[in-house]
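>
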Amino acid sequence: MEAVSLVIDGRQIRAKEGMTILEAAQAADIYLPNLCHDADLEPYGSCRLCVVEIEGSHNLVTACTTPVTEGMVVYTKTAAINKVRRTAVELILADLPEDYLTSPRNQHHDLPKVAAYLGIDRPSLRRTARTFAVDDSNPFFDFDPNRCILCAKCVRTCNEVTCAGAIDLAYRGYESKVATFADEALMDSICKSCGECVVRCPTGALSPKETGESKREVLTTCPYCGVGCQMYLGVDDNRVTNVRGEREGTANQGWLCVRGRYGIAEVVNHPERLTTPLVRRNGEFVEATWAEALSLVAGKLAHYRGDQLAVISSAKGTNEDNYVIQKFARAVLGTNNIDHCARLCHAPTVAGLGQSFGSGAMTNSIDEILGAACILAIGTNTTAGHPIISFMIKQAVAKGTKLIMANPREVELCRYADLWLRNKPGSDVALLMGMMRVIVDEGWLDTSFIKERTENFAAFQKSLKSFDLDFVEGITGIPRERLVEAARMYALSKPASIFYAMGITQHSHGTDNVMATANLAMLTGNIGKPSSGVNPLRGHNNVQGACDVGALPDVYPGYQAVADATIRAKFEAAWDCYLPAEAGLTITEIIEAAGRGQLKALYLVGENIVLSEPAAKKAVAALGKLEFLVVQDIFMTETARLAHVVLPAVSFAEKDGTFTNTERRVQRVRQAIAPVGQAKPDWLITAQLAQRMGSQGFDFAHPAQIMDEIARLTPTYGGISYPRLEKGGLQWPCPDAEHPGTPILHTKQFTRGKGRFMPLVYKPPQELPDKQYPLILTTERSLFHFHTGTMTRRVKGLNSFLGESLVQINHQDAAALGIADGEMVRVISRRGEVTAKAELTEVSPVGVVTMNFHFAENPTNVLTNPALDPISKMPELKVCAVRVEHI
Amino acid sequence: MTFTEIQQRAIAEWQALKQSDKPHILVSTATCGQAAGVLAVLEAINNELAERQLEATVTQIGCIGLCYAEPIIGITKPNCPGIFYGNVTPEIVPRLIEDYILGDNPHPELALGTVGEGAIKGIPRLFELPMLKSQLRIVMRNCGFIDPEKINHYIAGGGYASLVKALGMTPEEVISEVKKSGLRGRGGGIGFSTGLKWEICHKSADPVKYLICNAHEGDPGTFVDRALLESDPHIVIEGMLIAAYAIGARQGYIYIGDEYPLAMQRLKVALEQAREYGLLGDNILGSGFSFKVEIRRGAGAFVSGEETALIESIERGRGVPRVRPPYPVYYGLWGRPTNVNNVETLANISAIIEKGGDWYAGIGTEGSKGTKLFSLSGNIAYTGVVEVPFGMPLRRLVEEIGGGISNGYQLKALQPGGAMLGLIPASLIDQPIDFEGLVSIGSRVGSGGLVVLDETACVVDLVSMMMSFAYSESCGKCVIGRLGTKQILSIFQDATSGQGKPEDIKELAELSESVALGSLCPLCGGVAGPIVGLLSYFRKELEAHIIEHRCPAGVCPALAK
């Protein structure tokens, strides 16, 4: 950008072209009072406080709306300016409660500061204030219109940043008011309570219910999804008191969602946190010392052979936790039976994109979303799973990006889409191959990319033959014109970017689904370029990292195969031990092995498989057969209740470490408070266990040392170290200390050399509706809860948004069954039954019911089908057959 | 069809009408006529003709501008001049038909004037009427004399020939001609050079540009655009076409308030007819130039007539102004360069292209060229819509064209429209009408409304009413507009109800200054105009209200003795 020079109050200033006068002044530390400006929002110019005079212009202009020009001469303190500013503040004060300026609760807001700057200490004009009722319906914040000055920051935030559109200005002129649709209470509106409006309110009209003051702040990474939002935890007296987003150099640009902003303090400070080790004696848990508990566990584990043992790690833990845990499994227990919940989310991604491209991760970065000409979002309810990414997708749409949604359910983003393809559950391969068939037939493919960068195209093209549009229409339920339109939109609006999540992976053909997305991107040359690519949205905060550092049964850190003798030798040398050559068991196989009595002991860290495994009843029975179960967690989970020993771990707020977000960005987690009770970091517990079992190589004093070991053994993490991470996150591959990290994969060549087209055939879900079980059950996540609810269900406010799993059922199906809205119903599959309240909706299509799995009271995964994807061993969580009955 | 063929067809239709051996009855059914009851007159004419089995052509016309005389009808018998009658009632209709169409008595006592060749004893020429005599009708040349729903009428009078001429010129040549004419925007603003605005838009590299015709006329007392659109919509559409060609726009919008249903209806018909002739749409008259026009309806907010609020309204529904700069010509509709021109501005274009910029620049004053339409209302003899050349003193407009104060009282002040212009005291009515001249006396040319007040009016009450208008029409976006108008209105409410305090005068002065300096858009910024006018020209009357709690004109009820 060109530099522009201008003069402000006699001072020569340099500014970037395109900056406003206000931005230039702020950059030069010149204060201009303002109440309606926000860096994230389009200039608005309503508060009139930043007015300035420009030489040669006869009107005052607002600095927040006026771009700088070369040679501009600006005055910010003339008599006319002062007059306007004073009048504006006096008019505002006449319209607010009389004690506004003196009331202590308002002091930390912007308005009192501006008034003080102008030397105004009391209202002086005729009173114009009206009296409104305060809306206190939201559990996290209140809206007091009496203190509102209609700067519309909240409204603009809700339209421009989060794009939720929950609030707007209602009525006109003096009668204007910030209101929800039909001026209903916030809780009765579509507001999702992200609180982005609250943080911007300059007067306190929107203010948090808990205005926790903090003495210090610690920058860390949010634990509630794979976006990896950077946030400050405010701390006072060893408690987390508040949370705010960090803007600079972050994926989230300072934005947070309801979970991150309001779902952390209550969890970290929760009285039910586990604070001491617990050992089962005569069927009851009793408190134990760490020494007792660790020696008990060490002794028990030492008792078994490697193949009788398994370790389940957690995508909620840090890279360092996961590294130590997998090292413990392999080097100490002598088993590759190490897996974690990625098996239940993105194992098909790792397998599918691994085969197509050579690495199973987001090819591009989050901040490229705005640059995409087209986004195909398939099988993702981004709003619930990755709220901040949904903000960005909606922002992109508002700026002209075409959005194609493919989802059987009318998830929120469907309402923003240019094209919504309501395909039948499990029909994604047909949908994507159908689109590719159109692209090839119409000649919209990128032949030079295919020729230069890919292989196996001919075989792939042959496999397209079986996807004629009649067939595709029959399988997917999507009219062919819409399919053609989708193909046209995706192929001809470049760059185009594909996003997907569990709707693609959680199928018995999940790997095929993933490879279909890879085929589509390669076919149109939409890979290796900015704002293009195939972008699996990783669900857990560190599911990417847990995979990266080897918490998987077949690979060591950095996806280095255990079956490869050279690699194995490298790790044997590094860890000074003998390592097993065979790949270990996956989570689902671990449970099965336990059920068969083959597996004797399980060390389970931070997972609640009683709620997350398919056919959960079977899983519970299997756990019951174990001779020894150790659970390490921060709360007494449903799974922990079954354990022989429970070890108290610290939350993310009490430890140092790193998470790797969905865009492969390794980011720091920083200790904000001292551990609660006697709880310890996972890595430390596991390391101490290893030491008790007589192993060397676990004497880490700090997670930084663990990262150094990861870097030594993991080429993609080779250049990552804590000192570097202090300056911000790094995206792998980052092979050496000088490497800046890699925002876009496969730019010149694919990780595996050439991109490989995969011929595909359509495979239906393993269990389809029949007479006995006539409906499809699909599972989903809620914005207000995370995974099995271990943490979020302990937040009262989140429960008030959603406190139970509802059975979402289409009005037509409900009418046929005579089911009323709100009625308790029984949902039955071949594997079990669950009772829950019915919610009649059009969001779920006819023939499909939807439940989420956050709730122990109605554990949806009792119903789901454990049929596995043969390649990735992913169970078919998204489709099973059920029937719904009255109770 | 080539344009020549279109013209031939139109002229043939027009000639057939003029040379018909049947009587031709013109009925002025614009809003002013309808308000005066013309529809009942029209019904009476149709009934009377049917009953008598008389064959006559009945044509609905727009507004001649003589609104004081509505309902107006015109009767042309073969080989006779046309006679216009004013204040026609359904009861008069049978007499006119019986006595004049069937008989020979033209009823001079009911007639306004004659048009066309020949004369009728006892009836003046219409254009010799005091209200019409001093006008210079360029924009209003067809108003009241053609059927606004017949494109052939417009074309027969030379319509769309300027478009054809413009298409034969380069866009630069068209712009140069408009610049040369000195035409300035008629929308009530500062009177920005139309040609210059077009040039800026034309020069933008953006391939997508828009043209918007601002037909959202909302100022109290202003109804010039309504009269134009109801009487001669094609003159505006032709202006839009030429403008679009000059700036390079392919899409145009006409933004019009829902309060103007008849204008909207006539525009719709006109657009459809222009499309049928290939004068709108793709590849117009084979020139390669394409232009489409859509009508967008306003939902009642006055401020949606402000160009940025208008754009917001087209984009997302809520008519709220944006901060300028950036001006729409740089960053307008959907962020594209957008040329917003007022109805009257566009209606000038065809004449400028036809006769040349130099011809146009020969009319008016040094800085203000051409003519200006005014809608006259208030305590005046002849209310209506008139067109006068710039440079005419206000006195002639009021006394000669408007016929002066109707009831024997003295002139007190003029209230030009826009809603928020400074009052002009009677002492200043020798001021010639031009942009800078009216600014120099604290007012503006405005959008063309002119409310005439005699000495029975209370200016404080009037300004209070204007403040009430500003308060209720303020969009609420900016602090100073929203709360400033509320604060000022409270002061006026106190003043007119005997609650005034001496310090209120100073506060009014202070507030009006801040509001003028600090408001986001001219609506609320404009409230300063009437207040300053009051303070400079009618201070005594204001003080009487605020300090003495007395209304000298005896208008404010709470202050009546």
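Residue numbers (our numbering), protein chains in the order written: chain D, 301 to 1187; chain G, 8 to 568.
Ideal Cβ positions, reconstructed from N, Cα and C, are used throughout, including at glycine.
Predicted model only: the values in this text are computed from it and were never measured.
1) Taking a Cβ distance cut-off of 8 Å, strictly less, list which residues of the stretch 476 to 510 of chain G are near chain D, in chain order.
2) Starting from D:N835 and walking both ways along the beta strand (DSSP E), at which residues does that stretch end?
3) Going along chain D, which residues have a C-beta under 7 Å from G:P306?
4) Just reading off the alpha helix (DSSP H) that D:S357 is part of, what are its end residues?
5) On the criterion of 16 or more Cβ atoms from any shown chain inside 10 Å, does D:T680 qualify as buried, or is it exposed?
6) Rounded to the nearest angstrom, what separates D:E1038 and D:T958 at their Cα positions?
7) What are the residues in the stretch 328 to 357 of chain G lying within 7 Å of chain D by C-beta distance?
8) Residues in its own chain within less than 8 Å of G:L527 by CB, not counting five upstream and five downstream?
9) By DSSP, does D:Q971 sit in helix, in strand, or in coil?
10) G:L524 touches chain D at which residues, Cβ-Cβ below 7 Å?
11) Is it buried or exposed for D:A787, if we count other Cβ within 10 angstroms and need 16 for buried?
12) For the stretch 428 to 446 of chain D against the stretch 464 to 475 of chain G, are there 3 or more C-beta pairs whose distance is under 8 Å?
13) Mind the definition here: the stretch 303 to 320 of chain G touches the stretch 222 to 235 of chain G only if three or more C-beta pairs lie below 8 Å; say whether that holds.
14) Going by the CB atoms, is the gap between D:K1137 and D:G1122 shorter than 7 Å?
15) If G:A306 sits next to G:D265, beta carbons under 8 Å apart, how far is it from one beta carbon to the other, in whole angstroms?
16) Does G:S521 get closer than 7 Å to chain D when you measure Cβ to Cβ?
17) Going by CA-CA distance only, name the one from D:L1098, D:L1045, D:D982 and D:V1143 that's closest to D:F628.
18) Measure from the alpha carbon of D:Q844 to the alpha carbon of each residue in D:K1027, D:V976, D:L923 and D:N619, then state which is nearest.
19) State the start and end residues of the unbroken alpha helix (DSSP H) segment that holds D:N382.
20) Taking all protein chains shown into account, decide if G:F134 is buried (16 or more other Cβ within 10 angstroms of its Cβ) or exposed.
21) I need the DSSP call for D:K765, collapsed to helix, strand or coil.
22) Identify whether D:R251 lies in helix, strand or coil by the three-state DSSP scheme.
23) In three-state DSSP terms, what is D:N446?
24) Which bits of chain D does G:L527 rub up against, with CB to CB less than 9 Å?
25) For D:R472 and chain G, any beta-carbon pair shorter than 7 Å?
26) Please list, in chain order, the chain G residues whose beta carbon lies closer than 8 Å to that of D:S793.
27) Smallest Cα separation from D:G771: which of D:V814, D:V729 and D:D309?
28) Go ahead and pull the three-state DSSP assignment for D:M1091.
29) Do D:C451 and D:S346 have their beta-carbon atoms positioned less than 7 Å apart in this structure?
30) CA-CA distance, D:V586 and D:A593?
31) Which residues does DSSP list as the beta-bridge partners of D:W720?
32) Of all the CB atoms in chain G, is at least one closer than 7 Å to the CB of D:R426?
33) Note down, in chain order, every chain D residue with its Cβ under 8 Å from the Cβ of G:L518.
34) Kindly identify the DSSP beta-bridge partner or partners of G:Y260.
35) Taking just the CA atoms, how far does D:H603 sit from D:I1187?
36) Is D:G897 near the ligand HEM, in the sense that its beta carbon is under 6 Å from a heavy atom of that ligand?
Working from what's here:
1) Answer in chain order: Y478, S479, E480, S481, C482, G483, K484, C485, V486, I487, R489, L490, G491, T492, K493, Q494, S497 and I498.
2) Start and end: V834 to P836.
3) Position check: residue 306 of chain G holds Ala in this sequence, whereas Pro was assumed. By Cβ distance, chain D contributes nothing, its closest Cβ being about 11 Å from G:A306, past 7 Å.
4) That residue, D:S357, is in no alpha helix (DSSP H); it is neither H nor E in DSSP.
5) The residue in question, D:T680, is buried, as its Cβ has 16 or more Cβ neighbours within 10 Å.
6) In this structure, the CA atom of D:E1038 is about 20 Å from the CA atom of D:T958.
7) Listed by position along the chain: V330 and P332.
8) The beta carbon of G:L527 lies closer than 8 Å to those of P328, V330, K484, C485, I487 and G488 in the same chain, with the five residues before and after it left out.
9) DSSP places D:Q971 in coil when its eight states are reduced to three.
10) Going along chain D in sequence order, the residues near G:L524 (Cβ under 7 Å) are L360, A380, K383 and V384.
11) Under the 10 Å beta carbon count, D:A787 is surrounded by 16 or more other beta carbons and is classified as buried.
12) Touching, no.
13) For the pair of segments examined, the stretch 303 to 320 of chain G was found to touch the stretch 222 to 235 of chain G: the number of CB pairs separated by less than 8 Å reaches three.
14) For D:G1122 and D:K1137, yes; Cβs fall inside 7 Å.
15) About 6 Å separates the two Cβ atoms, so the contact holds.
16) Interface residue, yes.
17) The residue with the shortest Cα to Cα distance from D:F628 is D:D982.
18) Per the Cα distances, D:N619.
19) A379 to A394 is the extent of the alpha helix (DSSP H) around D:N382.
20) That one is exposed.
21) Coil, per DSSP.
22) Missing from the structure shown is residue 251 of chain D; chain D here goes from 301 to 1187 and no further.
23) Of the three classes helix, strand and coil, the one that applies to D:N446 here is helix, per DSSP.
24) Within chain D, the residues near G:L527 are G345, S346, R348 and T362.
25) For D:R472, the closest Cβ of chain G is nearer than 7 Å.
26) Correct list: empty, because the minimum Cβ distance to chain G is about 17 Å.
27) In the sequence as displayed, the identity of residue 771 of chain D is Phe instead of Gly. Of all alpha-carbon atoms in D:V814, D:V729 and D:D309, the one lying nearest the alpha-carbon of D:F771 is that of D:V729.
28) Note: D:M1091 maps to coil in three-state DSSP.
29) Closer than 7 Å, so yes.
30) Going from the Cα of D:V586 to the Cα of D:A593 covers about 11 Å.
31) DSSP lists D:M705 as partners of D:W720.
32) For D:R426, the nearest beta carbon of chain G is closer than 7 Å to its own beta carbon.
33) Near G:L518 (Cβ distances below 8 Å), the residues of chain D are T387.
34) The partner list for G:Y260 (beta bridge, DSSP) reads G:I219 and G:E301.
35) Rounded to the nearest whole angstrom, the C-alpha separation of D:I1187 and D:H603 is 48 Å.
36) The model depicted lacks the ligand HEM and carries no ligand whatsoever.
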